[in-house]
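A.B. asks: Mind having a look at this structure? Questions to follow.
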Amino acid sequence: MIIAIDGHSSCGKSTIAKSLAKKLNFTYVDTGAMYRAVTLFCQQNKLINNGIIDEPALEKRIYEIDISFRINAETQQQDTYLNNVNVEKQIRSMEVAHDVSKVSQIALVRKFLLVKQQNYGKNANIVMDGRDIGTVVFPNAEYKFFVTASPEIRAQRRFDELMQKEGKADFNEILENLKQRDLIDSTRKESPLRQASDAILVDTSNMTREGQLEWILNKIQQ
Ligand code: DC
1266 MIIAIDGHSS CGKSTIAKSL AKKLNFTYVD TGAMYRAVTL FCQQNKLINN
1316 GIIDEPALEK RIYEIDISFR INAETQQQDT YLNNVNVEKQ IRSMEVAHDV
1366 SKVSQIALVR KFLLVKQQNY GKNANIVMDG RDIGTVVFPN AEYKFFVTAS
1416 PEIRAQRRFD ELMQKEGKAD FNEILENLKQ RDLIDSTRKE SPLRQASDAI
1466 LVDTSNMTRE GQLEWILNKI QQ
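Its first residue numbered 1266, the sequence shown is counted upward by one per residue in the working numbering.
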């Protein structure tokens, strides 16, 4: 079974997807982490200069990118590995957040990751979250949810998360970054963010984490 969870940046979709996967004993796949890992690869290899991505160079080197997920024994959460290096912390940085929407607009990047994402669904029950899962990656998913919340609430949640992890964060920078990403993600040519016609809308603005999970589980069990 495939459960697709799409939605805006920082709307809580990965928290929902993770707890849903745990509850149902499904595999969780974070496709945003995959786009973030490709972005980090571009930054590490100087393929982004003055905000411009060197696409011909990226095309040549994209097959050097190996992305995997491994359970962290300490946190019991999945960590993202780029070429066998744990990059979980780096890919969540503001530096990566600044470039990730640009990298994820590139057709060759989307094509490269699409194959990997579809492979995850071949032999396993999965919960996959992202922007185009219900529309492009798995248009025939058994369940599709589209998650959203107001920009201010989303920025506050990201702010709290960064404060907890890093001890510092800038609310206005976060708010601007997520508004900018929403705009780029929903207006880009390649697989723009949009609600699939058969996706169920979940507005988490006034829902607790437990409430969100319960609400979705109810929909699945109906
Ligand atoms: O979910 P996230 O914030 O970690 O995603 C990071 C970026 O990756 C987001 O700005 C858009 C892009 N993305 C995408 O284009 N398609 C996906 N399926 C997942 C993420």
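From the three backbone atoms N, C-alpha and C, an ideal C-beta is built for every residue, glycine too.
DSSP three-state label for Lys1433, please.
C.D. replies: Here Lys1433 sits in coil by DSSP.
A.B. asks: Just to check, is the beta-carbon of Asp1397 closer than 8 angstroms to a non-hydrogen atom of the ligand DC?
C.D. replies: For the ligand DC, at least one heavy atom lies less than 8 angstroms from the Cβ of Asp1397.
A.B. asks: For Ser1451, which residues from the same chain have a beta carbon less than 6 angstroms from its beta carbon, with the 5 sequence-adjacent residues on both sides left out?
C.D. replies: For Ser1451, where only same-chain residues beyond five positions count, the Cβ hits under 6 angstroms are Pro1457, Leu1458.
A.B. asks: Are the beta-carbon atoms belonging to Arg1423 and Ser1366 less than 9 angstroms from one another?
C.D. replies: In this structure, Ser1366 does not lie closer than 9 angstroms to Arg1423 by Cβ.
A.B. asks: If you draw a straight line from the C-alpha of Gln1383 to the C-alpha of Ile1332, how long is it?
C.D. replies: The alpha-carbon atoms of Gln1383 and Ile1332 are separated by roughly 14 angstroms.
A.B. asks: If you measure from the CB of Ser1284, is any heavy atom of the ligand DC nearer than 8 angstroms?
C.D. replies: No; taking the cut-off as 8 angstroms, the Cβ of Ser1284 has no heavy atom of the ligand DC nearer than that.
A.B. asks: Where do the N-terminal and C-terminal ends of the alpha helix (DSSP H) with Ala1298 fall, by residue?
C.D. replies: Start and end: 1296-1309.
A.B. asks: How many angstroms separate the CA atom of Asp1319 from the CA atom of Leu1312?
C.D. replies: Taking the straight line joining both Cα atoms gives about 5 angstroms.
A.B. asks: Going by alpha carbons, who is nearest to Cys1307 out of Leu1347, Arg1474, Arg1419?
C.D. replies: Residue Leu1347 is the option with its Cα nearest to Cys1307.
A.B. asks: My output table needs one value for Asp1447: the three-state DSSP class, helix, strand or coil.
C.D. replies: Looking at Asp1447 - three-state DSSP - the assignment turns out to be helix.
A.B. asks: Using CA atoms only, rank isn't needed, just tell me which of Lys1278, Gln1421, Ile1439, Leu1305 is closest to Tyr1293.
C.D. replies: Per the Cα distances, Lys1278.
A.B. asks: If we ignore side chains and look at the alpha-carbon of each, how far apart do Thr1413 and Ala1338 end up?
C.D. replies: Near 31 angstroms, if we compare the C-alpha coordinates of Ala1338 and Thr1413.
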